[in-house]
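Peer 1: Heads up, the sequence shown is in UniProt numbering, so the first residue is 1 and it goes up one at a time.
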Amino acid sequence: MKKLLGEERRLELLALLKNAAQPLTGTDLAKHTNVSRQVIVNDMNLLKARNEPIVATSQGYIYMHNVQQTRIQRKIVCMHNAEEAKEELFILVDCGVMVESVIVEHPVYGEITASIMVSNRLEVEHFVKRVHETNALYLSTLTDGTHLHVISSTSEESLNLAEEKLRQRGFLIEN
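(1) Please report the Cβ distance between residue 176 and L13, rounded to the nearest whole angstrom; I am assuming they are in contact, meaning their Cβ atoms lie under 8 Å.
(2) Quick check: what's the CA-CA separation for L166 versus A49?
(3) Since G145 and N81 should fall inside the 8 Å C-beta cutoff, what is the C-beta to C-beta distance between them, to a whole number of angstroms?
(4) Which of the three DSSP states is assigned to V131 in this structure?
(5) Enumerate, from N- to C-terminal direction, the unbroken alpha helix (DSSP H) stretches of 4 or more residues contained entirely within the stretch 78–142.
(6) Would you tell me roughly how many angstroms separate the C-alpha atoms of L16 and I112, rounded to the nearest one?
(7) Assuming the contact rule is C-beta atoms closer than 8 Å, V102 and H132 should be a hit. Round their C-beta distance to whole Å, please.
(8) Sort out for me which residues DSSP pairs I40 with in a bridge.
(9) Could you give the C-beta distance for P58 and H106, rounded to a whole number, given that I count them as a contact under 8 Å?
(10) Helix, strand or coil for A21, going by three-state DSSP, please let me know.
(11) Could you give the distance in angstroms between the alpha-carbon of I72 and the alpha-carbon of K86?
(12) Could you tell me if E7 is buried or exposed, where buried requires 16 or more neighbouring beta carbons within 10 angstroms of its beta carbon?
(13) Can you tell me which of the three DSSP states G145 falls into?
(14) Using the Cα positions of E164 and S119, report the straight-line distance between them to the nearest angstrom.
(15) Below 8 Å between beta carbons: does that hold for M98 and I173?
(16) Would you kindly work out how many angstroms separate the C-alpha atoms of K2 and Q38, rounded to a whole number?
(17) In whole angstroms, what is the alpha-carbon distance linking Q168 and L139?
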């Protein structure tokens, strides 16, 4: 394929994202448009600045109109060490919950939010593997393990079950 330039490339990226059944990686988008991955990152930032609902996840880019809109969201506060992150995520997805993001309150930068977007064990495994392969730290390490998650499900029952399981494990912080 020939190298796509500027606006033509961004329109092609939007079309790809809108029609994708799964997240698309920056590397795959770069190959498709015959540009570097950094150009894709820049394009995604430009598209987000135009209020396109694009989210970067650990699995790739998602156009949010593709995500079911009838989900119920809830914020929960958790605390655990980095070695327990995988266990926490497994508890949540095993209850039928999507972990959309993690939020920490940094003393200098304020609220820091990162997209996670995992909803099953395979996605959790992939997320944890990427953290380890890149020697990244979980955001919760900045706050001694305390963090918030935005979780969602199609039912209140799944959210309630997830909270109960986290409570039983000692991960949930409550008022």
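Where a beta carbon is used, it is the ideal one built from N, C-alpha and C, also for glycine. A quick note: this is a predicted structure, and the numbers were derived from the prediction, not measured.
Peer 2: Per the coordinate set shown:
(1) Because the chain is modelled from 1 through 175, residue 176 falls outside the range shown and cannot be assessed.
(2) Against the sequence shown, residue 166 aligns to sequence position 166. Against the sequence shown, residue 49 aligns to sequence position 49. If you take the alpha carbons of L166 and A49, they lie about 36 Å apart.
(3) Taking the sequence shown and counting its residues from 1, one reaches residue 145 at position 145. Taking the sequence shown and counting its residues from 1, one reaches residue 81 at position 81. With 8 Å as the limit, G145 and N81 qualify as a contact, their Cβ atoms being about 6 Å apart.
(4) One-based indexing of the sequence shown puts residue 131 at position 131. Correct three-state label for V131: helix.
(5) 85–94, 121–133
(6) Position 16 of the sequence shown, counted from the first residue, corresponds to residue 16. Position 112 of the sequence shown, counted from the first residue, corresponds to residue 112. Their Cα atoms are separated by approximately 29 Å.
(7) On the sequence shown, residue 102 is found 102 positions in, with the first residue counted as 1. On the sequence shown, residue 132 is found 132 positions in, with the first residue counted as 1. About 17 Å separates the two Cβ atoms, so there is no contact after all.
(8) Here the question's residue 40 lines up with position 40 in the sequence shown. In the DSSP output, where bridge partners are listed per residue, I40 has none listed.
(9) Taking the sequence shown and counting its residues from 1, one reaches residue 58 at position 58. Taking the sequence shown and counting its residues from 1, one reaches residue 106 at position 106. For the sequence presented, residue 58 should be read as Ser rather than Pro. About 20 Å; that fails the 8 Å criterion.
(10) Reading the sequence shown from its first residue, position 21 is the one you call residue 21. Coil.
(11) Residue mapping note: residue 72 aligns to position 72 of the sequence shown, counting from 1. Residue mapping note: residue 86 aligns to position 86 of the sequence shown, counting from 1. The alpha-carbon atoms of I72 and K86 are separated by roughly 23 Å.
(12) As a position in the sequence shown, residue 7 is number 7, starting the count at 1. It counts as exposed.
(13) Here residue 145 refers to the residue found at position 145 of the sequence shown. Coil.
(14) The sequence position of residue 164 within the sequence shown is 164, counting from 1. The sequence position of residue 119 within the sequence shown is 119, counting from 1. Going from the Cα of E164 to the Cα of S119 covers about 18 Å.
(15) Residue mapping note: residue 98 aligns to position 98 of the sequence shown, counting from 1. Residue mapping note: residue 173 aligns to position 173 of the sequence shown, counting from 1. Going by C-beta atoms, M98 is not nearer than 8 Å to I173.
(16) Within the sequence shown, numbered from 1, the residue matching residue 2 stands at position 2. Within the sequence shown, numbered from 1, the residue matching residue 38 stands at position 38. Rounded to the nearest angstrom, the two C-alpha atoms are 18 Å apart.
(17) For this step, residue 168 is matched to residue 168 along the sequence shown. For this step, residue 139 is matched to residue 139 along the sequence shown. Each residue's alpha carbon lies about 23 Å from the other.
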